[in-house]
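Reading through the structure tokens given below for one structure.
Protein chains in written order, with the UniProt record's numbering: chain A, 1 to 201; chain B, 1 to 201.
Below is the structure:
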């Protein structure tokens with residue numbers, strides 16, 4: 001059986017969401033059309049509104065519909081002198097939830113990946129260099145992902161920061177809190193050993 | 001950190017999809033806004049179009065944007081004299097994928113559930129009764145779910161069919177093909193025993 005065209009089209013569109021295949025998309029489409037048409041209309045409007053208005057923050061490049069995001073607008077955070085470099089807006093959210101970081105961010109929206117044709121200017125490193133020159137930055141915290149590309153990107157930025165005599169740190173990698181040693185992969189465990197700290201009591 | 005309003009609103013709307021929580025909704029929103037704005041626009045348009053046009057088939061009550069769905073329009077299927085009663089449009093899809101059933105459907109869009117205030121007319125049983133009276137139906141196949149409500153609904157429809165001297169059958173319940181006895185629940189296994197058939201060689 002073929003679904004009727006409007007439903008088929010909706011299912012195809014839902015399949016473009018990450019993690020949604022044919023079955024989930026059908027389930028979503030039927031749910032919205034059978035039980036939640038107001039929700040479907042709201043989703044349609046939100047999507048349209050977001051696509052039309054959301055762009056990048058002029059300072060940190062994160063997603064926002066304003067010229068500057070709420071963090072870059074906060075003067076105390078701008079003047080803190082600490083800049084945290086992350087790969088995606090989702091990373092900003094995750095770090096904000098710890099409530100531990102009071103500086104500002106720079107969001108690369110990706111990582112260096114020469115094989116895919118992603119060079120320094122594609123992830124805004126030219127813009128970052130301008131900020132290193134003009135803004136009063138004392139420390140750069142590199143919070144890119146601990147992957148090959150994330151590490152390479154971190155190295156590149158550290159080299160750049162060196163030219164402007166800015167202190168560079170990298171977030172710690174090791175055994176997750178609550179994790180069990182037996183289930184941690186060997187690279188992480190290697191990091192945990194090489195990054196060990198003096199035991200304090 | 002609060003997300004900017006347009007993104008926050010999009011995340012809230014995405015959370016209305018079944019099986020999507022805060023984290024998945026954020027991931028979907030960031031994915032669409034960072035990497036697939038055309039997909040987001042297409043989804044928005046498909047939702048709007050589907051909400052505006054999709055209604056119920058006048059004959060079988062399934063979801064369609066036309067007066068009659070493609071199955072009800074098929075004369076050979078209409079004239080087959082076999083009517084399969086299912087709970088949802090997704091069930092129709094599942095049965096169609098077997099390519100074994102050549103009759104037509106009646107989609108209840110739910111099941112009898114007196115505690116939730118769902119009575120016979122809410123699931124279109126008045127309409128079904130009209131069809132039993134006027135159409136030339138020889139057999140009703142009850143394919144409602146093997147749950148308490150689905151079974152109760154099947155019993156109700158079987159009683160109704162009796163009044164019009166229409167033969168009623170229920171799909172078989174038993175051990176799924178490829179399943180292992182040890183992992184099958186006891187009710188299913190009970191059904192498999194009581195529904196056993198003569199072994200043919």
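Ideal Cβ positions, reconstructed from N, Cα and C, are used throughout, including at glycine.
*With residue 71 of chain A as the anchor, note down where its alpha helix (DSSP H) starts and where it stops.*
70-73
*Does DSSP classify residue 171 of chain B as helix, strand or coil?*
coil
*Beta-carbon of residue 56 of chain A versus every beta-carbon of chain B: anything under 7 Å?*
no
*So what's residue 105 of chain B in DSSP terms, helix, strand or just coil?*
strand
*asked:* Residues of chain A with CB closer than 7 Å to the CB of residue 125 of chain B, please, in chain order.
replied: What residue 125 of chain B touches in chain A: nothing, since even the nearest Cβ is about 18 Å away.
*Beta-carbon spacing of residue 105 of chain A, residue 118 of chain A below 7 Å*: no
_Three-state secondary structure (DSSP) of residue 55 of chain A_ = strand
*Under 8 Å Cβ-Cβ, which residues of chain A neighbour residue 26 of chain B?*
90, 93
*From residue 154 of chain A to residue 30 of chain A, what does the alpha carbon distance come to, in whole angstroms?*
45 Å
*the ligand ZN heavy atom lying under 6 Å from the CB of residue 106 of chain A*: Summarising the ligand content, the structure contains no ligands, and the ligand ZN is consequently not present.
*In three-state DSSP terms, what is residue 64 of chain B?*
strand
*asked:* Cβ closer than 7 Å: which chain B residues qualify as neighbours of residue 118 of chain A?
replied: Under the 7 Å cutoff, chain B gives no residues; its nearest Cβ is about 13 Å from residue 118 of chain A.
*Hey, does residue 63 of chain A have any beta-carbon neighbour from chain B nearer than 7 Å?*
yes
*asked:* So if DSSP puts residue 113 of chain B in a beta bridge, which residue, or which two residues, is it bridged to?
replied: B/118
*Which two residues bound the contiguous beta strand (DSSP E) that contains residue 142 of chain A?*
139-142
*When the Cα atoms are used, what is the spatial distance from residue 150 of chain B to residue 26 of chain A?*
22 Å
*Grab the span of the alpha helix (DSSP H) containing residue 148 of chain B for me, first residue to last.*
148-163
*asked:* I want to know whether the stretch 33-48 of chain B touches the stretch 72-85 of chain A - three or more CB-CB distances under 8 Å.
replied: no
*Rounded to whole angstroms, how far is the Cβ of residue 233 of chain A from the Cβ of residue 125 of chain A, which I believe are closer than 8 Å?*
For chain A, the structure presents residues 1 to 201; residue 233 of chain A sits outside this window and is missing.
*residue 7 of chain B touches chain A at which residues, Cβ-Cβ below 7 Å?*
50, 54, 63
*asked:* So, for residue 58 of chain A: in the same chain, excluding its five sequence neighbours on each side, which residues have a beta-carbon less than 7 Å away from its beta-carbon?
replied: 67, 68
_Secondary structure of residue 184 of chain B, DSSP reduced to three states_ = coil
*For the alpha helix (DSSP H) holding residue 83 of chain A, just list the boundary residues, first then last.*
From DSSP, residue 83 of chain A is part of no alpha helix (DSSP H) but of the beta strand (DSSP E) over 82-86.
*Look at residue 179 of chain B and residue 195 of chain B and say whether their C-beta atoms are less than 7 Å apart.*
no
*Are there 16 or more other CB atoms within 10 angstroms of the CB of residue 89 of chain A, so buried, or fewer, so exposed?*
buried
*State yes or no: is the beta carbon of residue 111 of chain B nearer than 7 Å to at least one beta carbon in chain A?*
no
*With 16 other Cβ atoms within 10 Å as the buried cut-off, status of residue 51 of chain A*: buried
_Burial state of residue 64 of chain A (16 or more Cβ within 10 Å)_ = buried
*Just to confirm, are residue 87 of chain A and residue 147 of chain A a CB contact at a threshold of 7 Å?*
no
*Is the CB of residue 40 of chain B under 7 Å away from at least one CB in chain A?*
yes
*asked:* Please report the distance separating the alpha-carbon of residue 62 of chain B from that of residue 171 of chain B.
replied: 20 Å
*residue 165 of chain B to residue 94 of chain B, Cα distance in whole Å?*
29 Å
*State the DSSP-derived secondary structure class of residue 11 of chain B, mapped to helix, strand or coil.*
helix
*Alpha carbon to alpha carbon, how far is residue 12 of chain A from residue 122 of chain A? Give it in angstroms, no decimals.*
30 Å
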